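Asker: Pasting a structure below so you can have a look.
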Amino acid sequence: MNTKKISVISQSDFDCLKALEEKALWLSSWMIHHANHVRKNRDGIKVGGHQASSASLVTLMTALYFKELRPNDRVAVKPHASPVFHAIQYLIGRQSLEKLKSFRAFGGAQSYPSRTKDTDQVDFSTGSVGLGVAVTLFASLIQDYLESKSKLPEGYNPGRMVALMGDAELDEGNVWEAMLEGWKHDVRNLWWIIDYNRQSLDSTVSDKLFGRFDDIFRTTSWNVIVLKYGKKLSNIIDKPGGESFLKWVDECPNSLYSALTYKGGEGFRARIEKDIGHHAGVKSLLQDYDNEQLYDLSTDLAGHDMESVLESFKEAESDRPNVFIAYTVKGRGMPFAGHKDNHAGLMTEDQMEAFKDNLNIPDGSEWSKFAGLKVNESKLKVFINSSPYNKNKVRDLKAPKINLPNEFPLPKGELISTQDAFGKILNEIGRTKTEFSNSLITASPDVSVSTNLGAWINHRGLYDRTGIPDPFKEENVLSPLKWSMNFNGQHIELGIAENNLFLFLAAAGLSSSLFGSRLLPIGTLYDPFIMRGLDALNYACYQDSRFMLVATPSGITLAPEGGAHQSISTPLIGMGQDNLASFEPAFVDELSVLMKWGFWFMQDDKGSSIYLRLSTKPIKQPDREINEIESEIIAGAYWYCKPKYNSPIIIVYSGPIVTEVQKSLEIIREDIPEIGVLSITSTDMLYKDWANNSINSHISKLLSKVSKDCIIITVIDGYSASLAWIGSVKGNKVFSLGVDKFGQSGDTIDLYKEHKIDSDAIIDATANALLL
Numbered sequence: 034m035n036t037k038k039i040s041v042i043s044q045s046d047f048d049c050l051k052a053l054e055e056k057a058l059w060l061s062s063w064m065i066h067h068a069n070h071v072r073k074n075r076d077g078i079k080v081g082g083h084q085a086s087s088a089s090l091v092t093l094m095t096a097l098y099f100k101e102l103r104p105n106d107r108v109a110v111k112p113h114a115s116p117v118f119h120a121i122q123y124l125i126g127r128q129s130l131e132k133l134k135s136f137r138a139f140g141g142a143q144s145y146p147s148r149t150k151d152t153d154q155v156d157f158s159t160g161s162v163g164l165g166v167a168v169t170l171f172a173s174l175i176q177d178y179l180e181s182k183s184k185l186p187e188g189y190n191p192g193r194m195v196a197l198m199g200d201a202e203l204d205e206g207n208v209w210e211a212m213l214e215g216w217k218h219d220v221r222n223l224w225w226i227i228d229y230n231r232q233s234l235d236s237t238v239s240d241k242l243f244g245r246f247d248d249i250f251r252t253t254s255w256n257v258i259v260l261k262y263g264k265k266l267s268n269i270i271d272k273p274g275g276e277s278f279l280k281w282v283d284e285c286p287n288s289l290y291s292a293l294t295y296k297g298g299e300g301f302r303a304r305i306e307k308d309i310g311h312h313a314g315v316k317s318l319l320q321d322y323d324n325e326q327l328y329d330l331s332t333d334l335a336g337h338d339m340e341s342v343l344e345s346f347k348e349a350e351s352d353r354p355n356v357f358i359a360y361t362v363k364g365r366g367m368p369f370a371g372h373k374d375n376h377a378g379l380m381t382e383d384q385m386e387a388f389k390d391n392l393n394i395p396d397g398s399e400w401s402k403f404a405g406l407k408v409n410e411s412k413l414k415v416f417i418n419s420s421p422y423n424k425n426k427v428r429d430l431k432a433p434k435i436n437l438p439n440e441f442p443l444p445k446g447e448l449i450s451t452q453d454a455f456g457k458i459l460n461e462i463g464r465t466k467t468e469f470s471n472s473l474i475t476a477s478p479d480v481s482v483s484t485n486l487g488a489w490i491n492h493r494g495l496y497d498r499t500g501i502p503d504p505f506k507e508e509n510v511l512s513p514l515k516w517s518m519n520f521n522g523q524h525i526e527l528g529i530a531e532n533n534l535f536l537f538l539a540a541a542g543l544s545s546s547l548f549g550s551r552l553l554p555i556g557t558l559y560d561p562f563i564m565r566g567l568d569a570l571n572y573a574c575y576q577d578s579r580f581m582l583v584a585t586p587s588g589i590t591l592a593p594e595g596g597a598h599q600s601i602s603t604p605l606i607g608m609g610q611d612n613l614a615s616f617e618p619a620f621v622d623e624l625s626v627l628m629k630w631g632f633w634f635m636q637d638d639k640g641s642s643i644y645l646r647l648s649t650k651p652i653k654q655p656d657r658e659i660n661e662i663e664s665e666i667i668a669g670a671y672w673y674c675k676p677k678y679n680s681p682i683i684i685v686y687s688g689p690i691v692t693e694v695q696k697s698l699e700i701i702r703e704d705i706p707e708i709g710v711l712s713i714t715s716t717d718m719l720y721k722d723w724a725n726n727s728i729n730s731h732i733s734k735l736l737s738k739v740s741k742d743c744i745i746i747t748v749i750d751g752y753s754a755s756l757a758w759i760g761s762v763k764g765n766k767v768f769s770l771g772v773d774k775f776g777q778s779g780d781t782i783d784l785y786k787e788h789k790i791d792s793d794a795i796i797d798a799t800a801n802a803l804l805l
């Protein structure tokens with residue numbers, strides 16, 4: 034048993050931590066081994082897992098979960114360390130043995146931590162590397178926002194947002210984009226812990242990279258804490274040859290250090306003797322250690338030294354972000370430690386047997402929580418139950434739902450675009466002082482004005498924790514926009530980085546679960562730039578965050594802007610993205626209905642986020658009462674003009690292209706007076722309902738109004754396949770018009786003609802259909 038004095042905790046607690054570290058290492062390694070070598074493999078596909086990546090984080094995660102974390106702290110776990118997380122939750126009592134035995138199997142513990150699929154209270158889903166890191170920064174911003182407005186639950190102490198990350202994740206550009214945004218917003222209560230094992234998926238990390246890490250973090254006001262030497266390495270500095278030894282460790286290239294780690298103590302001895310054996314005191318220093326001891330000394334990095342880890346956590350500050358650069362060995366304690374190919378490596382059955390023997394685990398006790406440990410079970414149970422993290426038994430909070438207004442804004446105007454109407458709706462909401470209006474939070478990546486958030490911002494202001502005045506106002510320079518920032522504001526102005534927008538929305542949309550206070554987030558951006566942040570959008574939806582995405586302008590209808598700003602495939606993205614209900618209203622009354630319903634659906638237990646694809650095209654508004662078709666607008670379609678059953682043709686459209694449909698109708702009706710027009714407000718809702726309910730679906734019922742011989746003409750300012758599937762509902766022939774190639778600058782008249790979605794193209798398609 035260790036008898037040396039520990040500076041940061043009692044010896045008893047230290048012994049418990051070391052025992053739990055050993056058990057977490059074993060359970061995470063065995064979990065992967067069991068999934069690959071013990072459990073029956075039914076399809077012959079490798080199950081996989083990451084024993085080496087898990088091993089490099091065991092010490093840090095043990096220190097966090099059993100000693101450092103407080104009840105309101107939230108953690109994004111490095112994806113490849115998922116087995117360590119599940120093992121720790123099993124030891125705490127929040128994960129079942131059955132789930133561990135089913136690791137990476139259907140219904141079991143997930144390969145990467147998942148808020149929606151795992152049952153051991155994951156704070157942030159991770160998997161696409163870099164995104165879990167960055168979302169903690171925006172969660173910190175959201176926590177500050179809620180605290181500034183006294184929206185946190187009574188007695189709630191703000192927690193730290195913690196990201197456990199691999200060093201190779203710093204190759205992801207979204208991490209640096211987020212860090213810059215965090216610097217602008219003065220984030221705090223944020224910890225990023227870098228598992229600096231100097232290896233990536235394929236090989237080793239460039240030596241040049243680390244030399245810049247700390248500089249970049251310090252430049253953006255982070256508190257940088259480097260965990261380099263463990264106590265053994267630190268203590269040789271005063272021995273003869275010790276300074277030279279440490280200097281050699283410092284200067285050893287990543288690839289060489291990894292190779293020597295794999296070779297073992299004999300390899301370290303030979304290389305050190307070759308490189309610095311002639312330095313004073315080095316040979317005698319090496320003679321003091323046998324090969325095993327020399328290996329332990331040479332690989333005694335602070336990320337694996339429990340005392341050093343606990344000491345470093347005490348150096349953190351709360352009023353600014355902290356980054357811990359923790360030197361570790363990938364695969365620590367395993368036969369392939371340090372090998373450049375160990376990322377997906379698995380111990381063989383013989384290696385696992387030796388590993389088990391080394392940890393004194395009897396046969397049949399592989400899943401035991403306490404077998405083989407030197408600390409008795411009752412003492413460990415008391416220690417686990419007393420950990421601050423374990424005091425909060427329920428981590429998935431739930432705030433009350435926000436009451437919506439009975440009367441929702443419906444802007445008036447003969448000619449108005451959906452983008453303009455969106456701004457007017459928020460303008461009206463911004464004038465009110467209600468629970469609903471106070472719960473809204475908007476964000477935009479430097480396109481607030483051009484997506485019509487200006488009026489809302491004038492009413493509600495921009496958020497900043499410390500306060501930034503508007504120099505234009507102070508200098509009496511006229512501007513229609515009020516741009517002062519303070520903690521009362523409800524708009525977050527982001528830089529022009531779409532990943533940051535979606536990660537912000539991910540964090541804001543989880544506010545109920547993370548912080549017990551509900552927000553209704555709205556994010557705006559140009560529709561084509563959804564693709565710039567698509568991975569982050571998918572990530573937000575994957576963990577069932579709730580928000581309203583307003584993408585505008587869209588399509589080639591944004592004519593003069595040219596092909597770089599004209600979206601084509603976004604209707605397909607809206608259809609294919611899970612946990613995102615997408616809509617493209619043509620008229621203002623449709624938008625009003627969908628926004629009100631959207632704010633309800635965002636809060637519903639079975640709901641999702643909302644995507645509204647809007648347009649700058651002014652459209653003459655219909656004079657109608659919409660109550661009778663509200664449910665159909667939400668369901669995805671309604672008859673704009675009802676057909677007769679014997680009509681040989683119907684036209685199906687979505688969005689602002691309705692103007693071209695209206696023009697074509699004036700001509701087509703001369704020959705086909707019985708023609709009908711079906712308005713699609715959501716290809717997404719319509720398709721999913723049809724896929725699930727077939728003949729009982731909404732689209733099936735709508736198309737029952739026409740015969741199977743009726744030909745369908747579809748038209749959309751987007752990819753033509755978005756509506757082409759409608760012919761499959763009952764086997765009708767389809768002519769699909771849409772935008773299948775990049776656009777260019779021009780006006781809508783020329784561009785609609787070029788891409789064959791104008792009224793002439795609709796008329797031609799109708800004529801060709803009748804010739805069949």
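Quick note on numbering: my numbering labels position 379 of the sequence shown as 412, and the sequence is numbered without any gaps. From the three backbone atoms N, C-alpha and C, an ideal C-beta is built for every residue, glycine too. Given the structure is predicted, the values throughout are model-derived calculations rather than measurements.
1) Pick from Asp153, Lys184, Gln326 and Ser147: whose alpha carbon is nearest that of serine 161?
2) The beta strand (DSSP E) that contains glycine 528, what's its start and end?
3) If you run the structure through DSSP and keep just helix, strand and coil, what is arginine 304?
4) Which runs of the alpha helix (DSSP H) spanning at least 4 residues fall entirely within the stretch 612-670, listed in chain order?
5) Return helix, strand or coil for alanine 68, following the three-state DSSP convention.
6) Compute the beta-carbon to beta-carbon distance between isoleucine 358 and valine 257, rounded to the nearest angstrom, for a pair I have assumed lies under 8 angstroms.
7) On the three-pair Cβ rule with 8 angstroms, is the stretch 174-188 touching the stretch 77-89?
8) Compute the Euclidean distance between the alpha carbons of arginine 245 and arginine 251, then round it to the nearest angstrom.
9) Relative to the C-alpha of lysine 182, which candidate in Asn491, Gly199 and Ile474 has its C-alpha closest?
10) Does the stretch 393-410 come into contact with the stretch 104-119, if we say contact requires no fewer than three beta-carbon pairs (one atom in each stretch) closer than 8 angstroms?
11) Among Arg127, Phe634 and Phe157, whose alpha-carbon lies nearest the alpha-carbon of lysine 426?
12) Looking at isoleucine 713 and leucine 719, is the spacing between their C-beta atoms short of 9 angstroms?
13) May I have the straight-line CA-CA distance separating leucine 185 from asparagine 471, to the nearest angstrom?
14) Here's a check: name, in chain order, each residue in its chain whose Cβ is nearer than 6 angstroms to the Cβ of glycine 163, leaving out the five neighbours to either side.
15) Label histidine 113 either buried or exposed according to how many other C-beta atoms from any shown protein chain fall within 10 Å of its C-beta, with 16 as the threshold for buried.
16) In this structure, what does DSSP give as the bridge partners for valine 162?
17) Would you identify the three-state DSSP class for alanine 138, choosing helix, strand or coil?
18) How close, in whole Å, do the beta carbons of serine 740 and asparagine 801 come, if the pair is a contact with beta carbons under 8 angstroms?
19) How many Å lie between leucine 260 and tyrosine 575 at the Cα?
20) Quick one: using the 10 Å Cβ neighbour count with 16 as the cut-off for buried, is lysine 363 buried or exposed?
21) Please list the terminal residues of the continuous beta strand (DSSP E) segment that includes aspartate 228.
22) From Trp516, Arg498, Arg493 and Tyr496, pick the residue whose C-alpha is nearest to that of leucine 504; which is it?
23) Would you check if the distance between the CB atom of leucine 567 and the CB atom of valine 168 is smaller than 9 angstroms?
24) Restricting to Cα atoms, I'd like to know which of Ala614, Ala592, Ala597 and Ala794 is closest to valine 583.
25) Can you list, in chain order, the residues of its chain with a C-beta nearer than 7 angstroms to that of isoleucine 666? Leave out the 5 residues immediately preceding and following it.
26) For leucine 770, does the count of other Cβ atoms within 10 angstroms reach 16, so buried, or fall short, so exposed?
27) Since threonine 451 is in the alpha helix (DSSP H), which residue starts that stretch and which ends it?
28) Hey, out of Phe620, Ala138, His67 and Leu50, whose CA is closest to aspartate 76's CA?
29) Report yes if the C-beta distance between lysine 265 and valine 41 is below 9 angstroms; otherwise report no.
30) Using the Cβ count rule (16 or more neighbours within 10 Å means buried), how would you classify leucine 459?
31) Just grab the DSSP bridge partners of proline 478 for me.
32) Please go through the stretch 566-599 and give each complete beta strand (DSSP E) segment of 3 or more residues, from N-terminal end onward.
33) Tell me the rounded alpha-carbon separation between proline 676 and isoleucine 745.
34) Which runs of the beta strand (DSSP E) fall wholly inside the stretch 91-117 and span at least 3 residues, in chain order?
35) Does the separation of the CB atoms of proline 604 and isoleucine 529 fall below 9 angstroms?
36) Quick one: residues in its chain with C-beta nearer than 8 angstroms to the C-beta of lysine 17, no 5 flanking neighbours on either side, listed in chain order?
Answerer: Short version:
1) Nearest of Asp153, Lys184, Gln326 and Ser147 to serine 161, Cα basis: Ser147.
2) Premise fails: glycine 528 is in no beta strand (DSSP E) and is neither H nor E.
3) helix
4) 621-634 and 663-668
5) helix
6) Going by Cβ atoms, the distance from isoleucine 358 to valine 257 rounds to 7 angstroms, so yes, they are a contact pair.
7) Verdict: no, contact absent.
8) A straight line joining the alpha-carbon of arginine 245 with that of arginine 251 spans about 10 angstroms.
9) Among Asn491, Gly199 and Ile474, the Cα nearest to that of lysine 182 is on Ile474.
10) no
11) Arg127
12) Isoleucine 713 is positioned such that its CB atom lies closer than 9 angstroms to that of leucine 719.
13) 14 angstroms
14) Glu202, Glu205, Asn207 and Val208
15) buried
16) Valine 162 pairs with nothing; no bridge assigned.
17) DSSP places alanine 138 in coil when its eight states are reduced to three.
18) With a Cβ gap of about 19 angstroms, serine 740 and asparagine 801 do not count as contacting.
19) 34 angstroms
20) The residue in question, lysine 363, is buried, as its Cβ has 16 or more Cβ neighbours within 10 Å.
21) 223-229
22) In the sequence under discussion, the amino acid at residue 504 is proline, which differs from the leucine named in the question. Checking every option, the nearest Cα to that of proline 504 belongs to Trp516.
23) No, the pair does not count as a contact, with Cβ atoms beyond the cut-off.
24) Ala614
25) Glu623, Val626, Leu627 and Thr714
26) buried
27) 451-464
28) It is Ala138 whose Cα lies nearest to the Cα of aspartate 76.
29) no
30) buried
31) Leu527
32) 581-584
33) Computed Cα separation, rounded: 12 angstroms.
34) Segments of the beta strand (DSSP E) lying fully in the stretch 91-117: 107-109.
35) no
36) The first residue shown for the chain is 34 and the last is 805, placing residue 17 beyond what the model contains.
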